[in-house]
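2 protein chains.
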Amino acid sequence: MKAPARLGDGVDAIDTPALVIDLDAMDRNLATMAAFARAHGMRLRPHAKMHKCAAIAKLQIAAGAVGVCVQKVSEAEALADAGIDDIYISNEVIAEAKLARVAALAGRVKLAIAVDSAPGVQGLADAVKAAGTTLDVFVEIDVGQGRCGVAPAAAGALAHQVVSHGQVDRGMRFAGLQAYHGRAQHLRGAAEREAAVRHAVALVRAAQASITSAGIACPLVTGAGTGSFVFEAASAVYDELQAGSYLFMDADYAANQPAPHAPRFEHALFVKSQVMSRGASHAVVDAGHKSHAIDSGLPCVWSPAGGPVPAFSNGGDEHGILLAPDGAALPELGGTVWLVPGHCDPTVNLHGHFVGVRGGLTVGTVDCIWTIDARGCVF
Amino acid sequence: MKAPARLGDGVDAIDTPALVIDLDAMDRNLATMAAFARAHGMRLRPHAKMHKCAAIAKLQIAAGAVGVCVQKVSEAEALADAGIDDIYISNEVIAEAKLARVAALAGRVKLAIAVDSAPGVQGLADAVKAAGTTLDVFVEIDVGQGRCGVAPAAAGALAHQVVSHGQVDRGMRFAGLQAYHGRAQHLRGAAEREAAVRHAVALVRAAQASITSAGIACPLVTGAGTGSFVFEAASAVYDELQAGSYLFMDADYAANQPAPHAPRFEHALFVKSQVMSRGASHAVVDAGHKSHAIDSGLPCVWSPAGGPVPAFSNGGDEHGILLAPDGAALPELGGTVWLVPGHCDPTVNLHGHFVGVRGGLTVGTVDCIWTIDARGCVF
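Written as structure tokens, this is what we have:
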């Protein structure tokens, strides 16, 4: 797949629609989160399901991250192929063929995975035994998402199953608790998010008690996202932060009420689009659902210079419709329109490349073109 | 990118999530639409923005289609590279660099494109003159979508501009009117869709009058989609049908009230998923927004054997949550769950391959694996 720009191009020459990173803003976000984790004595393992890009994972690791998380086996394989050597699949795998791939990958990189069922542990044990490899296993508990994860009281039995297999086969090491509260990330009020994490912390403590009762030590608790990490960091229970979106900051996270004293992140990910048609009272840009995901709402129009922007309205898969606010002008035919995606993760997944710009979106130049290595890696 | 299956595999061996075509159902849909077009004396130029796949385009052309439509220049390039030689970009292009690619492509395949502005025609004229190539040009009119296209009364002037350039440079041939009503496709009531097309037909007639007044003949009117094509076919104004989704039939189109005497199409596109986690009252499958688009609603669970199915609830980017209807059982851990996407076009765009199955979804085998050639071709 061709890239929409060449190194050294001016911003104007980037083809549209294209996924553009403001590298200066991204660098500041990267440093801010790294400094936060260091200051709070937390491990940082950013979620690479967001960027799916080994070049970015390497920057995060160079800034102090211990490795990355992913959600899918094929994501882990793609990032391993591109040189990332410490990967946590923070999700369950059940299919035998996929478990064989997990076990094989554990022979190439430092690998961890989550489990939430006895058959899942057994399947994993069989796979690593057959492959002769070793990996870390986190027991996932449901801390309020209502999706994967066992109840806290069941954590001890599952940890015991992992430890028992580990003693026999040496293929699995019990690594701790996966305790991510996805739903908490997008609660708009800071107090609501704090309350959700307080509830999660209580469930983590209950799971730790269940594990202790089974005579097992719980080495690590991992979780947290961009909407809530300040609360997990303050909890004295979580050890590792999995936040990912902080690096790019999408429109949905920007709509959250900031938590007091929380570090601020800037928009660093944009879709560059072009006006391809003009009506008397609307403009049409060449970016639609195939250029930006809309599961968390439509993108927002962004003015690099500040000032009023048109409203973005749904134009379908390949178009966006811009309507002018009162008195504001609409961009002319051929004009550039910058969009901030509603949700960065699935937006990134729609593109083959990031175009990295230095010097701002108005007069900057293309400094890097990064392949989105794990794009489309759903299985 | 790896494919999620191998030729000859049983359905059970297809990795998840995967995009699976029931080839027997697709063949019936293909034949039904081809027969309809023949019986009504209509040209069929299916929209390949839906399947993005040269192998499928070739089947459509073998069944009588005159060629395909696409929405993006990079889609046209990808399909041309894969052997499709009659392509209509049913959309406007404004950027100079992209127009140069259009003009170059016109030297490789029979190419057509839409215009809706004087600068658009001028840019295209400059590009084909520089390249020394020739292409067909359709003037797009807005027939109710409120997106691209000029008002009918402006069609004559634009057609005149195209014809004038054509006489001077021989690079452009005025081919007729692009008159697609996207919004009409998804109006639920058949009478509503019929009324919308009746309005579109009146606007087409007005545009034809404007073109005739300019002393120009209008060779062809092209438009229509899966929700409305029976009405365009009955109009005596449209010559060419662009419907695409009929081949796969998504959940959104299936929710339309069928028009009287309209041919029926079967669901032929599915996402195969697997239960990866079970709670007491819910199951979690490994397919979320990164496996199926949700712009037209969540997918529906499909039972190949018939019978009650669980309700699909939003589980985020990588998960789907199944809730049991009253009294019905939830699938067990490891069980296969078939999903019918809400909207086929952007769902296809998320995957690297189609896995084609013959013999049904229960006991069938993998008969073909087709690359989604123009996947992610947004620019």
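Residue numbers (the working numbering), protein chains in the order written: chain A, 1 to 379; chain B, 380 to 758.
In this text, a Cβ means the ideal position worked out from N, Cα and C, and glycines have one as well.
Using a CB distance below 8 Å, the part of the stretch 40-62 of chain A facing chain B consists of Lys49, ordered along the chain. According to the DSSP assignment, valine 494/B belongs to the beta strand (DSSP E) that extends over 489-494. Residues of the stretch 87-118 of chain A that bring their beta carbon within less than 8 Å of a beta carbon in chain B comprise Asn91, Glu92, Val93, Ile94, Ala95, Ala97, Lys98, Asp116, Ser117, in sequence order.
Counting only residues of its own chain and dropping the five nearest sequence neighbours on each side, phenylalanine 610/B has a CB closer than 6 Å to the CB of Glu573, Val576.
Given a length threshold of 4 residues, each whole run of the alpha helix (DSSP H) inside the stretch 475-545 of chain B is given here in chain order: 475-484, 497-510. Leucine 333/A has a beta carbon lying within less than 9 Å of a beta carbon in chain B. Residue range 365-371 is occupied by the beta strand (DSSP E) that includes aspartate 367/A, with no alpha helix (DSSP H) assigned at that position. Sequence-distant Cβ neighbours of alanine 311/A in its own chain, meaning closer than 6 Å and more than five residues away, are Leu323. Interface flag for serine 277/A against chain B is set, since a Cβ pair is found closer than 9 Å. For the stretch 232-263 of chain A, the set of positions with a beta-carbon nearer than 8 Å to some beta-carbon of chain B is empty.
The three-state secondary structure of phenylalanine 553/B, taken from DSSP, is strand. Around the beta carbon of alanine 538/B, 16 or more other beta carbons sit within 10 angstroms, so the residue counts as buried. For serine 624/B, same chain residues with a beta-carbon under 6 Å away, outside a window of 5 residues either side, are Met429, Thr605, Tyr632, Cys723 in chain order.
Flagged as an interface residue toward chain A: cysteine 527/B, by a C-beta distance shorter than 9 Å.
Its chain contains Ile89, Val93, Lys98, Arg101, Val102, Leu105, Phe379 as the residues whose beta carbon lies nearer than 8 Å to that of valine 73/A, once the 5 sequence neighbours on both sides are disregarded; these appear in chain order. As computed with DSSP, glutamine 653/B is found in a beta bridge with Thr715/B. For serine 291/A, the chain B residues whose C-beta falls within less than 7 Å of its own C-beta are Val757, listed in chain order.
At a Cβ-Cβ threshold of 9 Å, glycine 735/B and valine 745/B count as neighbours.
In terms of beta-carbon proximity, aspartate 286/A lines the interface with chain B, with at least one pair separated by less than 9 Å.
Given a length threshold of 4 residues, each whole run of the alpha helix (DSSP H) inside the stretch 680-731 of chain B is given here in chain order: 723-727. In terms of Cα proximity to isoleucine 595/B, the closest of Leu620/B, Pro642/B, Gln546/B, Ala634/B is Gln546/B. Within the model, the alpha-carbon separation for alanine 125/A versus glycine 755/B is close to 38 Å. Neighbourhood of alanine 18/A in chain B, by CB distance below 7 Å: Phe758, in chain order. Interface annotation for the stretch 346-375 of chain A against chain B: Pro346, Asn349, Leu350, His351, Gly352, Arg375, criterion Cβ-Cβ distance under 9 Å.
Arginine 577/B sits in a helix when the DSSP states are folded into three classes. For the pair threonine 212/A and isoleucine 400/B, the Cα-to-Cα distance works out to about 50 Å. Per DSSP, tyrosine 253/A lies in no beta strand (DSSP E) segment; the continuous alpha helix (DSSP H) that holds it begins and ends at 251-254.
Under DSSP, the beta-bridge partners assigned to glutamate 240/A are Arg43/A, Thr222/A. Cα atoms of alanine 35/A and alanine 259/A: separation of roughly 17 Å, rounded to the nearest angstrom. For arginine 358/A, DSSP records a beta bridge to Thr365/A.
Contact between the stretch 136-151 of chain A and the stretch 171-178 of chain A is established, with three or more Cβ pairs separated by less than 8 Å. Taking all protein chains in view, the Cβ of serine 281/A is surrounded by fewer than 16 other Cβ atoms within 10 Å, so the residue is classified as exposed. In terms of beta-carbon proximity, methionine 412/B stays away from the interface with chain A, with every pair separated by 9 Å or more. Apart from sequence neighbours up to five positions away, the residues of its chain that approach glycine 315/A with a beta-carbon distance below 7 Å are Val284, Gly288, Ile321, ordered along the chain.
Alanine 455/B has a beta carbon lying at 9 Å or more from every beta carbon in chain A. For the stretch 168-200 of chain A, the set of residues with a beta-carbon nearer than 7 Å to any beta-carbon of chain B comprises Gly182, in chain order.
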